[in-house]
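First residue of the sequence shown: -16, per this note's numbering; consecutive thereafter. Glycine residues also receive a C-beta, built at the ideal position from the N, C-alpha and C atoms. Remember, it's a predicted structure, so these values are computed and weren't measured experimentally. What follows is a short report on a single structure.
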Amino acid sequence: MTNSQNPPSDSSIAIQVAVVGAHLTGQPLNHQLTSRNATLVKATHTAPIYKLFALAGTVPAKPGLVRVDPNLEQGVSIEVEVWAMSESAFGSFVAEIPSPLGIGTLILEDNESVKGFICEPYGLINVRDISSYGGWRAYLADLA
C-alpha cells in the first residue's frame, strides 16, 4: 500500500463544528474548544432557515438552534463560528454536550454544510424566541 492509500492519522483529520452560543469566542465554554487545540476557521452565519431560542435553566446560559421548514415558517440567518479539531478531540467534545443540545448538520449562508449545535424539540418548552437578534452575542448585549 502506498502512502496515498493510507488513511490519514487522527491528527491530520480536521472536523469542523459550528458553535452558536456559550462556545463562541469570549463566552464561558469557549475553553472546551481551545483546550482541545481547536482552531477558529471563520465567523459566519447560517442560511436563513433557523430559529434561535434562549433555553431555560441552563448554566451557563445557552441558546438552542432549530432548523425550520421555510415553506411553513420564516427562519433567519444566525451568527456562528466554525472551529476545526481532530477526530479524537471532536469525540471528547461531543461527549460533554448536555441534553437537549446535540450535534447535527447546519447549512451556512454560503450553502456549505458543517456539523454544529442543534436543539432537541423537548428543550423548546417555555423558551424565548431570540431569532430577531441574529445571534447569541446580540441577545446577551441586549440583556446587559
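From the options, residue whose alpha carbon lies closest to that of residue i
i          : options              : result
residue 92 : 64, 111, 13 and 69   : 64
residue 97 : 105, 103, 87 and 104 : 87
residue 12 : 106, 122 and 42      : 42
residue 69 : 103, 20, 116 and 40  : 20
residue 27 : 7, 40, 17 and 74     : 7
residue 81 : 103, 71, 94 and 18   : 103
Own chain partners of residue i with C-beta closer than 6 Å, once the 5 adjacent residues on each side are dropped
i           : result
residue 22  : 67
residue -16 : Model confidence at residue -16 stands at a pLDDT of 38, short of 50, so the residue's coordinates are unreliable; what they give is reported in the following sentence. Around residue -16: no qualifying Cβ.
residue -3  : 67
residue 118 : 61 and 62
residue 113 : 35, 37 and 122
residue 5   : 11, 12, 43 and 45
Whole-angstrom C-beta distance between residue j and residue i, which should lie under 8 Å
i          : j           : result
residue 24 : residue 99  : Contact flag wrong, Cβ pair sits at about 12 Å.
residue 85 : residue 108 : Not really, about 17 Å apart at Cβ, beyond 8 Å.
residue 32 : residue 53  : 5 Å
residue 3  : residue 38  : Wrong, their Cβ atoms sit about 11 Å apart, outside the cutoff.
residue 76 : residue 15  : 6 Å
Under the three-state DSSP convention, the category residue i falls into
i           : result
residue 53  : coil
residue 15  : helix
residue 38  : coil
residue 113 : coil
residue 7   : coil
residue 121 : helix
residue -7  : Confidence is the limiting factor: at residue -7 the pLDDT is only 48, short of 50, which leaves the residue's position unreliable, though a coordinate-based value still follows. Reduced to three states, the DSSP call for residue -7 is helix.
Neighbourhood of residue i by C-beta distance below 8 Å, restricted to the same chain and skipping five residues each side
i           : result
residue -13 : Any reading at residue -13 must be qualified, since the residue scores a pLDDT of 38, below 50, and its modelled position is unreliable; the value itself is stated next. None.
Proximal residues to residue i (C-beta, below 7 Å), its chain only, five neighbours per side dropped
i           : result
residue 90  : 29, 30, 32 and 96
residue 58  : 31, 32, 33, 34 and 51
residue 105 : 83
Original post:
Which runs of the beta strand (DSSP E) fall wholly inside the stretch 48 to 110 and span at least 3 residues, in chain order?
Top reply: 62 to 68, 84 to 90 and 96 to 102
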